[in-house]
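> First, the structure itself, so that you have it in front of you.
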Amino acid sequence: MVQAFPQTDQAEVSSKETTEGLDEIPTDAKENEKKGDIARCTEVMANNQLNFSNFWHGAAHGIHSIGLEEIRHFFEPDAPEHIKIPVVNADLSAEEMIVFHAPLRGYDEDFKTMAMKVMAFFMLHDKPYFYQQGVNTLEKVTHQYHMHEIYSAAAPIYRKMKEDPPTDPELCPCVNDVTLNGILTELVNIAKQLKYFARQPRAVKIYIDCIFVHLSYIDIKEGQSGCGGTLKGSTVERPSRLTTSRPSLSRGRGKRNVENTTEMITQYEKEYLADSSHENAQKLLNVNPWKPNTLVGPEQWISHEAMLTWSMLEEKELNDFAVFMYCKLNQPDLDHIKDLFD
Numbered sequence: 062m063v064q065a066f067p068q069t070d071q072a073e074v075s076s077k078e079t080t081e082g083l084d085e086i087p088t089d090a091k092e093n094e095k096k097g098d099i100a101r102c103t104e105v106m107a108n109n110q111l112n113f114s115n116f117w118h119g120a121a122h123g124i125h126s127i128g129l130e131e132i133r134h135f136f137e138p139d140a141p142e143h144i145k146i147p148v149v150n151a152d153l154s155a156e157e158m159i160v161f162h163a164p165l166r167g168y169d170e171d172f173k174t175m176a177m178k179v180m181a182f183f184m185l186h187d188k189p190y191f192y193q194q195g196v197n198t199l200e201k202v203t204h205q206y207h208m209h210e211i212y213s214a215a216a217p218i219y220r221k222m223k224e225d226p227p228t229d230p231e232l233c234p235c236v237n238d239v240t241l242n243g244i245l246t247e248l249v250n251i252a253k254q255l256k257y258f259a260r261q262p263r264a265v266k267i268y269i270d271c272i273f274v275h276l277s278y279i280d281i282k283e284g285q286s287g288c289g290g291t292l293k294g295s296t297v298e299r300p301s302r303l304t305t306s307r308p309s310l311s312r313g314r315g316k317r318n319v320e321n322t323t324e325m326i327t328q329y330e331k332e333y334l335a336d337s338s339h340e341n342a343q344k345l346l347n348v349n350p351w352k353p354n355t356l357v358g359p360e361q362w363i364s365h366e367a368m369l370t371w372s373m374l375e376e377k378e379l380n381d382f383a384v385f386m387y388c389k390l391n392q393p394d395l396d397h398i399k400d401l402f403d
């Protein structure tokens, strides 16, 4: 189990106004109220074919680096500024880890395609503390392109929801309450991984766990959030998908084992290129995992692409992300946390 950081207290990222006046309420009363809200939202989301206990994963992964331009491009062309969608602060040197309104990035309007806008944005603004630490500019660009794959896959689900909106008035308050449902905690954990992972002894594995492959390498335990920390009141149900076992290199047979590993890599690369499935991506990553800050050309690309393929959200997680976007973009005022985004 990788547990890089303890759970982040929600007060670290909440606005000051959120906590004003709450000290007068007895702790037991606040805790009982929270448990009641969790129980109610668990039932509400179950009635809408959603799982409250792990809704945070797909939603947080989907929104952590989204900008207003991308919201308008993929989901809602007329989305206003100051929309209540929290994201990780791209400036990792800033004190505030979370920006509570998806920002207008300032993509270059001279380009017509989103691909060129993103490329120009990173080429102009990249610094060691920008967006992610410990990876190169090309890897940052490919990460955002990976996110565009997620947005493209979630957009049809979003449009279908707009055509046939959910009728339960209690759904969006539970979806929008990012403190109660664990989305905010997961965003902060992602932000910490982006900011600090290069300093950790197991930085490469932690990074792959929590930023790209998220939960894939981790043996998920009950109550454990995706990037370290316990999500109280929840039971995480997503199983580990990717084994970390790799061919051993014993001292006596090292040369032969290295040759065997090289042959396996070549074989699995061919299989992956012929059929870029999750299964073939897993096989390749088990023998030749991608390492951050190494992508410069064709030699490193196949494993990098396999990692991107493996880290794509699954159908349920895409649906959770689309539901979150629907509620935030169409019913933003239905939110239990009144002052968090003010």
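To convert, note that position 305 of the sequence shown is 366 in my numbering; the numbers rise steadily by one, no gaps.
Glycine included, each C-beta is placed from N, C-alpha and C at the ideal position.
What you are looking at is a predicted structure, and each value in this text was computed from that prediction instead of being measured.
(1) Can you find at least 3 beta carbon pairs, one from the segment 105 to 120 and one from the segment 186 to 200, that sit closer than 8 Å?
(2) Considering only C-alpha positions, which residue in the set PHE182, ASP229, LEU345 and TYR257 is nearest to MET106?
(3) Quick one: give me the first and last residue of the alpha helix (DSSP H) that HIS339 is part of.
(4) Let's see if you can read the secondary structure: which residues bound the alpha helix (DSSP H) around ASP381?
(5) Tell me, please, whether the CB atom of ASP336 is closer than 8 Å to any CB atom in chain B?
(6) Which residues does DSSP list as the beta-bridge partners of ASP152?
(7) Taking the alpha helix (DSSP H) that ARG133 belongs to, which residues open and close that run?
(8) Less than 8 Å between C-beta atoms, sequence neighbours within five positions excluded: which residues of the same chain meet that for ALA214?
(9) Less than 7 Å between C-beta atoms, sequence neighbours within five positions excluded: which residues of the same chain meet that for ASN349?
(10) With 16 as the cutoff for other CB atoms within 10 Å, does ALA252 come out buried or exposed?
(11) Would you mind sorting SER126 into buried or exposed? The rule is 16 or more other CB atoms within 10 Å of its CB.
(12) Starting from the Cα of MET455, find the closest Cα among LEU248, ALA216 and ILE211 and give me that residue.
(13) Buried or exposed: ILE272, going by 16 or more other Cβ atoms within 10 Å of its Cβ?
(14) So is ASN341 buried or exposed if we call it buried at 16+ other beta carbons inside 10 Å?
(15) Answer with buried or exposed for GLN205, where buried requires no fewer than 16 other C-beta atoms within 10 angstroms of its C-beta.
(16) Have a look at ASP98 and VAL384 and give me their C-alpha separation to the nearest angstrom.
(17) Under 8 Å, do PRO353 and GLY243 count as touching if we go by C-beta distance?
(18) Drop a sphere of 10 angstroms on the beta-carbon of CYS388, count the other beta-carbons inside from all chains shown, and report buried for 16 or more, exposed for fewer.
(19) VAL196 by DSSP, collapsed to three states: which one?
(20) Between the C-alpha atoms of LYS223 and TRP362, what's the straight-line distance to the nearest angstrom?
(21) Quick check on DSSP: helix, strand or coil for VAL105?
(22) In the DSSP output, what is VAL160 paired with across the bridge?
(23) In its own chain, which residues sit with a C-beta less than 7 Å from the C-beta of ASN109, not counting the 5 before and 5 after it?
(24) Is it true that the CB of TRP371 sits closer than 8 Å to the CB of LEU390?
(25) Using a Cβ-Cβ cutoff of less than 7 Å, which residues in the same chain neighbour MET180 once the five nearest sequence positions on both sides are dropped?
(26) Quick check on VAL239: does DSSP put it in helix, strand or coil?
(27) Tell me the rounded alpha-carbon separation between GLU137 and MET368.
(28) Throw me the rounded Cβ distance for the LEU255 and GLN193 pair, which I believe falls under 8 Å.
Let me lay it out:
(1) Short answer: they don't touch.
(2) ASP229
(3) 339 to 348
(4) Annotation for ASP381: the continuous alpha helix (DSSP H) segment containing it runs 376 to 391.
(5) Structure shown: chain B not included; a single protein chain is present.
(6) PHE191
(7) 129 to 135
(8) Answer for ALA214: MET373, LEU374 and LEU379, listed in chain order.
(9) ILE326 and SER364
(10) By the 16-neighbour rule on beta-carbons within 10 angstroms, ALA252 is buried.
(11) buried
(12) Residue coverage of the chain in this structure runs from 62 to 403, which leaves residue 455 outside it and unanswerable.
(13) The predicted model places ILE272 with a pLDDT of 45, which falls under 50 and marks its position as unreliable; any figure quoted below should be read in that light. Buried.
(14) buried
(15) buried
(16) 19 Å
(17) no
(18) buried
(19) coil
(20) 38 Å
(21) DSSP places VAL105 in helix when its eight states are reduced to three.
(22) VAL148
(23) PRO227, ASP229 and LEU232
(24) Contact flag unset, no.
(25) VAL202
(26) coil
(27) 29 Å
(28) 5 Å
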